[in-house]
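Quick note, the sequence shown lines up with residues 6 to 879 if you use my numbering. Take a look at the structure set out below.
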Amino acid sequence: MKLYVASAGTGKTHTLVQELLTLLRQGVPLRRMAAVTFTRKAAEELRGRILQEVGALEGLEGKEARREAHGALFTTIHGFMAAALRHTAPLLSLDPDFSILDEFLAETLFLEEARSLLYLKGIDPLQKEGLLDQLLTLYRKRSLAAELKPLSGAEGIFALFQEVLAAYRRRTVEMLGPGDLEALALRLLEHPQAVRRVVERFPHLLVDEYQDVNPLQGRFFRALEEAGARVVAVGDPKQSIYLFRNAQVEVFREALRRAEEVRPLGETFRHAQGLAAFLNAFVERFFPEPERVLVRPRREGEGRVEVHWVVGEGSLEEKRLQEAMILAQRLLALKEEGYAFSDMAVLVRSRTSLPYLERAFRALGVPYGIRRGRSFFSRLEVRDIYHALRVGLLEGTPSPEERFSLMAFLRGPFVGLDLGRMEKALKEEDPLVHLPPEVQSRLGWLKALAGKHPFEALKALVRDETFLMRLSQRARTNLDTLLLLAASERFPDLEALLDWLKVRARDPEAAELPEGGEGVHVLTVHAAKGLEWPVVGVFDLSRKERLQEEALLVGLGGEVALKGTPAYQQVRPVLRRAQKEEALRLLYVALSRARDVLVLTGSASSYPGPWAKALAALGLGPESGDSRVRVHDGKGVPRFPPPSPMPSPQPAPYASLILPPKPFPPVYSPSAHRKAEGEPLPLGESLEAEGLPGFARALGTLVHYALARDLDPGDEARMQALLLQEVALPFEEEEKARLLEEVKGLLGSYREMLGSLLPGLEARDEDHVELPLALSHAGTVWQGVLDRLYRVGECWYLEDYKTDQRVAPEHYRLQLALYWEAVRRAWGVEAEARLVYLRHKKVHVFSPKELQEALRELEKAPGILSQGLEPGLL
Numbered sequence: 006m007k008l009y010v011a012s013a014g015t016g017k018t019h020t021l022v023q024e025l026l027t028l029l030r031q032g033v034p035l036r037r038m039a040a041v042t043f044t045r046k047a048a049e050e051l052r053g054r055i056l057q058e059v060g061a062l063e064g065l066e067g068k069e070a071r072r073e074a075h076g077a078l079f080t081t082i083h084g085f086m087a088a089a090l091r092h093t094a095p096l097l098s099l100d101p102d103f104s105i106l107d108e109f110l111a112e113t114l115f116l117e118e119a120r121s122l123l124y125l126k127g128i129d130p131l132q133k134e135g136l137l138d139q140l141l142t143l144y145r146k147r148s149l150a151a152e153l154k155p156l157s158g159a160e161g162i163f164a165l166f167q168e169v170l171a172a173y174r175r176r177t178v179e180m181l182g183p184g185d186l187e188a189l190a191l192r193l194l195e196h197p198q199a200v201r202r203v204v205e206r207f208p209h210l211l212v213d214e215y216q217d218v219n220p221l222q223g224r225f226f227r228a229l230e231e232a233g234a235r236v237v238a239v240g241d242p243k244q245s246i247y248l249f250r251n252a253q254v255e256v257f258r259e260a261l262r263r264a265e266e267v268r269p270l271g272e273t274f275r276h277a278q279g280l281a282a283f284l285n286a287f288v289e290r291f292f293p294e295p296e297r298v299l300v301r302p303r304r305e306g307e308g309r310v311e312v313h314w315v316v317g318e319g320s321l322e323e324k325r326l327q328e329a330m331i332l333a334q335r336l337l338a339l340k341e342e343g344y345a346f347s348d349m350a351v352l353v354r355s356r357t358s359l360p361y362l363e364r365a366f367r368a369l370g371v372p373y374g375i376r377r378g379r380s381f382f383s384r385l386e387v388r389d390i391y392h393a394l395r396v397g398l399l400e401g402t403p404s405p406e407e408r409f410s411l412m413a414f415l416r417g418p419f420v421g422l423d424l425g426r427m428e429k430a431l432k433e434e435d436p437l438v439h440l441p442p443e444v445q446s447r448l449g450w451l452k453a454l455a456g457k458h459p460f461e462a463l464k465a466l467v468r469d470e471t472f473l474m475r476l477s478q479r480a481r482t483n484l485d486t487l488l489l490l491a492a493s494e495r496f497p498d499l500e501a502l503l504d505w506l507k508v509r510a511r512d513p514e515a516a517e518l519p520e521g522g523e524g525v526h527v528l529t530v531h532a533a534k535g536l537e538w539p540v541v542g543v544f545d546l547s548r549k550e551r552l553q554e555e556a557l558l559v560g561l562g563g564e565v566a567l568k569g570t571p572a573y574q575q576v577r578p579v580l581r582r583a584q585k586e587e588a589l590r591l592l593y594v595a596l597s598r599a600r601d602v603l604v605l606t607g608s609a610s611s612y613p614g615p616w617a618k619a620l621a622a623l624g625l626g627p628e629s630g631d632s633r634v635r636v637h638d639g640k641g642v643p644r645f646p647p648p649s650p651m652p653s654p655q656p657a658p659y660a661s662l663i664l665p666p667k668p669f670p671p672v673y674s675p676s677a678h679r680k681a682e683g684e685p686l687p688l689g690e691s692l693e694a695e696g697l698p699g700f701a702r703a704l705g706t707l708v709h710y711a712l713a714r715d716l717d718p719g720d721e722a723r724m725q726a727l728l729l730q731e732v733a734l735p736f737e738e739e740e741k742a743r744l745l746e747e748v749k750g751l752l753g754s755y756r757e758m759l760g761s762l763l764p765g766l767e768a769r770d771e772d773h774v775e776l777p778l779a780l781s782h783a784g785t786v787w788q789g790v791l792d793r794l795y796r797v798g799e800c801w802y803l804e805d806y807k808t809d810q811r812v813a814p815e816h817y818r819l820q821l822a823l824y825w826e827a828v829r830r831a832w833g834v835e836a837e838a839r840l841v842y843l844r845h846k847k848v849h850v851f852s853p854k855e856l857q858e859a860l861r862e863l864e865k866a867p868g869i870l871s872q873g874l875e876p877g878l879l
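Here you go:
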């Protein structure tokens with residue numbers, strides 16, 4: 006193997022193309038070469054570069070090369086494996102006409118087989134949390150070793166995975182995903198005649214981005230090389246940042262150890278002098294020989310590196326906001342120096358850093374575009390569609406995961422149900438039958454959609470008017486794009502569509518639609534790989550590693566370990582060490598994107614992340630005296646600039662008119678008015694005086710909550726659950742016990758009154774609880790909540806429940822009058838308004854004459870103006 010060890014900006018692809026041209030000049034036909042790289046995008050770029058160079062060749066070799074160019078193999082590594090398999094298919098008992106599956110569609114088919122097998126075994130994956138995720142992890146990690154090795158404790162899940170994988174392979178005999186191509190490529194290596202045929206067909210292999218090769222791919226290339234293929238590879242181990250895709254820098258290091266010829270690539274036409282010196286210092290400090298290739302800049306100009314630290318008091322979140330403001334101010338200053346915003350990029354390690362940048366850029370008027378934000382499929386409007394589709398398939402008692410989808414659907418834009426009504430239903434074993442009638446209607450609509458073709462169901466949801474009217478224009482555009490993407494797929498059923506949405510949402514590199522056009526490019530470091538800009542900002546240096554505790558780990562050598570086992574503790578440190586090493590390589594990629602100016606910003610923290618530690622190790626931390634470092638006191642940096650002065654508007658013609666004062670605020674409540682009038686609070690005479698502040702309020706809240714849900718005081722479990730309400734949390738255990746006894750007693754009194762002083766629940770033809778209302782009266786809008794409004798035959802009853810120590814109905818006459826008037830105007834009925842004193846088991850009925858008199862007294866207040874708001878029960 007001939008191996009080029011490169012640094013950023015040293016022309017890796019150019020070098021590979023020159024190797025190809027050298028072969029052409031030596032008389033090697035283009036059809037006998039294969040040029041491969043890591044991603045489809047990079048493969049297309051490689052193809053374009055080669056075709057451009059071949060088109061410029063002169064002589065006979067140029068004519069022959071142009072004739073063969075468009076049939077030559079310039080592809081991805083998986084594309085090359087597919088070509089090799091087709092070429093040797095008869096030897097492997099393989100149909101050469103197999104199709105290649107998209108990575109995510111292959112995962113979807115695997116999940117379908119997993120669910121089918123679990124169903125046959127009587128296992129509900131939704132009840133066994135994380136089981137499907139563990140199987141999918143094993144599926145994705147097959148590229149780490151020819152055979153995964155279950156460690157002690159993981160034998161059961163691994164055996165289940167093997168069963169699912171066998172079923173998946175039976176289904177996909179003629180459809181191969183990326184992992185299947187790799188597995189079959191290893192089978193090819195076991196057949197000497199097949200290996201010879203591949204080498205005869207492609208005796209010259211040119212591999213770009215070799216640092217991104219996974220162990221199985223590395224083994225494949227090594228076997229072809231040992232069989233006689235001449236392999237030329239180019240790579241930069243300092244830019245190996247795809248560990249999550251199974252790429253391992255050790256594959257490159259092994260190739261480096263056994264390569265017949267190693268050539269460094271050090272000349273850079275990208276970096277200015279000062280940036281090149283900075284990168285060399287970084288490489289010398291953190292990377293070993295022979296990976297340590299220093300760059301020799303061929304550009305004029307010094308360039309510059311700036312490091313900005315926010316220090317001082319305040320939380321890390323506050324510092325990040327100030328840090329974003331500093332970066333935005335620096336970009337504006339660079340714009341004044343002549344750099345266009347489109348020549349600038351800001352890189353972040355994690356998408357969680359983006360909101361700080363967006364706030365600062367908007368505040369200072371810096372145009373920007375998120376070139377690759379979070380996955381398009383994880384946007385809220387797309388997830389709303391996903392949850393609605395899942396709800397359409399609900400039958401019987403929902404699992405915890407299905408309950409989450411139901412909750413998201415009920416609270417989301419399709420229904421918009423309030424928390425109280427939703428909570429009541431979700432506490433039931435079968436929540437679907439306890440939902441309000443209007444929601445039942447929406448559920449029926451969803452179930453009807455679930456019986457249609459998957460794409461038709463998706464289209465009906467996306468076009469639902471209730472849903473669309475609550476979305477922004479950007480969200481609607483995203484949904485149009487979702488329809489276009491889904492239209493190109495062929496979903497056999499709704500479950501397949503759901504799997505597609507779920508798996509796509511997990512893609513860390515899937516991009517959402519670009520926001521805006523010209524402006525500063527804002528993107529993650531992974532998305533910036535292979536790109537460069539004159540000005541680059543690296544934001545949020547202090548962000549730490551987020552190392553999640555996965556339920557199942559697959560080690561770098563294919564070791565499978567379950568959480569909670571000793572084996573897990575052996576595998577985890579190795580993985581974490583690899584992740585920490587990759588964090589430094591990720592920083593190198595970020596630093597090496599800049600051509601002229603590199604602006605780094607961070608916030609001082611007691612627990613800095615790996616990037617901040619690296620800068621400190623280079624002598625560029627907050628305590629450094631280096632001239633490139635600037636320290637900002639957090640107190641002195643404005644979070645947002647003051648608004649630009651606006652010209653004073655001309656006064657309106659009616660500005661000089663003085664309206665008479667109103668007696669009440671624009672929106673008011675009866676209880677607030679009663680307190681403002683200085684009326685005593687009967688409940689406070691006894692309970693609050695005993696030294697239990699808040700007891701009365703908690704009692705009233707819990708009693709009304711229980712009455713609205715018709716809770717039985719004898720149901721001990723439901724009664725104990727009341728104490729989980731926020732109003733009960735401040736009390737000690739003894740106080741909670743007393744509170745609960747009070748609640749039970751008042752509920753018991755209410756139950757005794759049913760059927761005698763109050764109509765029984767079964768006798769009511771209509772029964773509405775906790776109805777919000779708004780009533781325009783006496784110059785203001787009165788708002789409140791009716792405890793209960795129900796009908797028995799032709800008679801309507803409006804009840805307000807009281808837990809007071811003494812009976813004093815005069816305190817509530819105005820409140821009941823306003824409620825009574827709201828019902829009369831909104832529904833056209835005159836209900837019997839009455840107070841229900843639970844503690845005394847008494848009912849006080851207000852006559853219509855008393856209520857009308859209370860309303861007239863309210864109207865006598867000075868400065869009354871009529872308002873046009875229609876009354877209503879909301």
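Note that the Cβ used here is the ideal one computed from N, Cα and C, for glycine as well.
Here the segment 135-152 makes contact with the segment 111-119; the two share three or more CB pairs at distances below 8 Å.
Here L596 is not near F292, since their CB atoms are 8 Å or more apart.
Per DSSP, L734 lies in no beta strand (DSSP E) and is assigned neither H nor E.
From the listed residues K749, Q857, D129, L488, the smallest Cα separation to D720 is found for K749. Taking C-beta atoms as the reference points, F700 and L744 count as a pair closer than 8 Å.
Under the three-state reduction of DSSP, H678 is assigned to helix. Each residue's CA atom was taken as its position, placing Y373 and Q334 some 14 Å apart. Cβ atoms of M180 and F85 stay farther apart than 8 Å, at about 19 Å. The count of Cβ pairs closer than 8 Å, one atom from the segment 350-363 and one from the segment 314-329, reaches three, so the stretches are in contact. Secondary-structure assignment with DSSP links E804 through a beta bridge to R793, R839.
Counting along the chain, no alpha helix (DSSP H) covers Y9; the unbroken beta strand (DSSP E) around it starts and ends at 7-11. Take D601, set aside five residues on each side of it, and the residues of its chain with a beta-carbon closer than 6 Å to its own are A277, G308, P539, in chain order. Rounded to whole angstroms, the gap between the alpha carbons of L778 and F382 is 39 Å. In the same chain as V790, and ignoring 5 residues on each side of it, the C-beta atoms closer than 8 Å to its own belong to E775, L776, P777, L778, in chain order. Three or more beta-carbon pairs separated by less than 8 Å are not found between the segment 417-434 and the segment 486-496, which leaves the two stretches without contact.
Going by DSSP, K507 is part of no beta strand (DSSP E) but of the alpha helix (DSSP H) stretching over 499-510. A190 places its beta carbon 8 Å or farther from that of V218. In the structure shown, S781 falls within a strand segment according to DSSP collapsed to helix, strand and coil. Proximity of the segment 169-185 to the segment 575-590 falls short of the contact definition, fewer than three beta-carbon pairs being nearer than 8 Å.
Counting other Cβ atoms within 10 Å of its Cβ, E799 stays below 16 and is therefore classed as exposed.
In the three-state scheme derived from DSSP, where H, G and I count as helix and E and B as strand, D717 is classed as coil.
Assignment of H526 by DSSP, reduced to helix, strand and coil, places it in the strand class.
Here D185 carries a helix assignment [DSSP, helix/strand/coil]. In the structure shown, H276 adopts coil according to DSSP, grouped into three states. Boundaries cannot be given for G630, as no alpha helix (DSSP H) includes it and DSSP labels it neither H nor E.
For T142, no beta strand (DSSP E) run applies; the uninterrupted alpha helix (DSSP H) run containing it begins and ends at 136-145, by DSSP. Taking C-beta atoms under 8 Å as the contact rule, G240 and A11 qualify, at a distance of about 7 Å. Contact between P571 and S157 is confirmed by a C-beta separation of about 7 Å, below the 8 Å threshold. The alpha-carbon separation between F166 and Q574 amounts to approximately 22 Å.
In the DSSP annotation of this structure, the continuous segment of the beta strand (DSSP E) that includes T42 starts and ends at 38-42. As far as DSSP is concerned, E400 takes part in no beta bridge. In this structure, L411 and P441 do not form a Cβ contact; the two beta carbons are roughly 14 Å apart against a cut-off of 8 Å. With 16 or more other Cβ atoms inside 10 Å of its own Cβ, M349 counts as buried.
Scanning G624, P183, P403 for the CA closest to the CA of P130 turns up P403. Collapsing the DSSP output to three states places A119 in a helix.
Annotation for V841: E804, Y806, V848 place their beta carbon closer than 6 Å to its own, counting only its chain and skipping 5 residues before and after.
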